[in-house]
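Shown next, in structure tokens, is the structure this report addresses.
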Amino acid sequence: MTESMRIGTRKSTMALAQTEEIARRLAVVAPELAVEIVKFEPVGDRDQTSNLLKHGGKGGAFVGEIRAAVLKGTLHAAMHSLKDMPGNEDTPGLVIGATLVRDPPTDALVLREGVSLDDLKRTHGKGFKIGTNAVRRAAYIRRLFPEIEVIHFRGAADTRVRKLDNGEMQRLPDGGEVGPADALIMARSGLERVGLASRIARDFTPQEMLPAVGQGIVAVECAAHDWASRRHLSLIDDPAAHLSCDAEREVLWVLNGHCNSPIAGYSVISGHEMSLTASVLDEAGGQFIEVTRIGPADRPRELGRAVGLELLDKGAGALIEANRPEH
Numbered sequence: 048m049t050e051s052m053r054i055g056t057r058k059s060t061m062a063l064a065q066t067e068e069i070a071r072r073l074a075v076v077a078p079e080l081a082v083e084i085v086k087f088e089p090v091g092d093r094d095q096t097s098n099l100l101k102h103g104g105k106g107g108a109f110v111g112e113i114r115a116a117v118l119k120g121t122l123h124a125a126m127h128s129l130k131d132m133p134g135n136e137d138t139p140g141l142v143i144g145a146t147l148v149r150d151p152p153t154d155a156l157v158l159r160e161g162v163s164l165d166d167l168k169r170t171h172g173k174g175f176k177i178g179t180n181a182v183r184r185a186a187y188i189r190r191l192f193p194e195i196e197v198i199h200f201r202g203a204a205d206t207r208v209r210k211l212d213n214g215e216m217q218r219l220p221d222g223g224e225v226g227p228a229d230a231l232i233m234a235r236s237g238l239e240r241v242g243l244a245s246r247i248a249r250d251f252t253p254q255e256m257l258p259a260v261g262q263g264i265v266a267v268e269c270a271a272h273d274w275a276s277r278r279h280l281s282l283i284d285d286p287a288a289h290l291s292c293d294a295e296r297e298v299l300w301v302l303n304g305h306c307n308s309p310i311a312g313y314s315v316i317s318g319h320e321m322s323l324t325a326s327v328l329d330e331a332g333g334q335f336i337e338v339t340r341i342g343p344a345d346r347p348r349e350l351g352r353a354v355g356l357e358l359l360d361k362g363a364g365a366l367i368e369a370n371r372p373e374h
């Protein structure tokens, strides 16, 4: 009897590319498995104007509906960009069955087509507008370049680049408009996935702009009791990415970090050791707390917990609570 796996994903170009990569890997290690990709358009994609907080942050906006389908049994698995998965919420009945090899986790600057960084500096000086919807990226930009205006800018990766090139205004949750943006800050991995890596004008090193927790990692979630899916997914799991996933997400758990928290975290494995750096900023980027620790790579959650607790000892909790959305 042919086994099957129905994998749910968002309909965006990037999400489909990531899910197709999962299907290709499964076809190699489990050729008997019939994989079906099921496309979803979660509320975060349907509503491009409202603040994501209206829908419960990234978790509710992009992850919740697909997760519910897995729990209901209409899907065997769900594809997520790990950075979009809430790290401060219990997910009873679900497990991360696989993480793919981590793509470059860094952030990148994208300019309008045909415009160089020198052109932008010559025409705008230091006073240009950078678009992002990520509070972490916004806080780092304000910290690194306080003279630059950061504006709200949402959409799928390829859609954002198109809006940038066309000089489109961006609608705000309050009904107003902002823009047009002169540049965007985006994940390098996302640009690579949609074939737009050539548009990168500048990469930010992790030392300049620490990546989001899990950035560059594709995660596949399944039901905890679905041992057949767990067995198949384990065949495509990258152990190093899974260790980084566990360490970085433990920091979020300890900090009780929410979708509006400027929290960053990035781990590197070298031999049997893991180095983990995490930071918390205020929204304006003026206050900044960073911690780095090294520990055994095979005990990632312990390392993540130690880093999270040290951040709290240094006052990170107050920065997080100051930016926590009111309900």
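Counting with my numbering, you get residues 48 to 374 for the letters of the sequence shown.
Ideal Cβ placement from N, Cα and C applies to all residues, glycine included.
Predicted model, so just to flag it, every value in this text is computed and none were measured.
query, result
"N- and C-terminal bounds of the beta strand (DSSP E) containing residue 56", "50-57"
"Residue 5, buried or exposed, once every other Cβ within 10 Å from all chains shown has been counted against 16", "Outside the modelled stretch of the chain, which goes from 48 to 374, sits residue 5, for which no answer is possible."
"Alpha carbon of residue 179 to alpha carbon of residue 87, nearest angstrom", "24 Å"
"Buried/exposed call for residue 361, threshold 16 Cβ in 10 Å", "exposed"
"Contact between the region 291-299 and the region 335-349 (3+ Cβ pairs under 8 Å)", "yes"
"Straight-line gap, residue 172 to residue 322 (C-alpha atoms, nearest Å)", "38 Å"
"Neighbour flag for residue 59 against chain B, beta carbons, 8 Å", "In the structure shown, chain B cannot be found, because there is only a single protein chain."
"8 Å contact criterion, which residue 170 and residue 126 should meet: CB distance rounded", "Going by Cβ atoms, the distance from residue 170 to residue 126 rounds to 41 Å, so no, they are not a contact pair."
"Proximal residues to residue 246 (C-beta, below 8 Å), its chain only, five neighbours per side dropped", "157, 158, 160, 208, 238"
"Coarse secondary structure for residue 65, derived from DSSP in three states", "helix"
"Top-ranked residue by Cα proximity to residue 250, from 324, 232, 260", "232"
"Range of the contiguous alpha helix (DSSP H) that encloses residue 113", "111-119"
"Residue 52, buried or exposed, once every other Cβ within 10 Å from all chains shown has been counted against 16", "buried"
"Beta strand (DSSP E) segment containing residue 183, residue limits", "Per DSSP, residue 183 belongs to no beta strand (DSSP E); it is in the alpha helix (DSSP H), 182-191."
"Boundaries of the alpha helix (DSSP H) in which residue 260 is found, first to last residue", "From DSSP, residue 260 is part of no alpha helix (DSSP H); its letter is neither H nor E."
"Test item: CB-CB of residue 364 and residue 189 under 8 Å", "no"
"Residue span of the alpha helix (DSSP H) that contains residue 292, given as start and end", "286-302"
"Same chain only: Cβ atoms within 7 Å of residue 354, ignoring 5 sequence neighbours per side", "298, 323, 325, 338, 340"
"Cα-Cα separation between residue 155 and residue 234, rounded to whole angstroms", "6 Å"
"Nearest candidate by alpha-carbon position, reference residue 240, set 305, 50, 59", "59"
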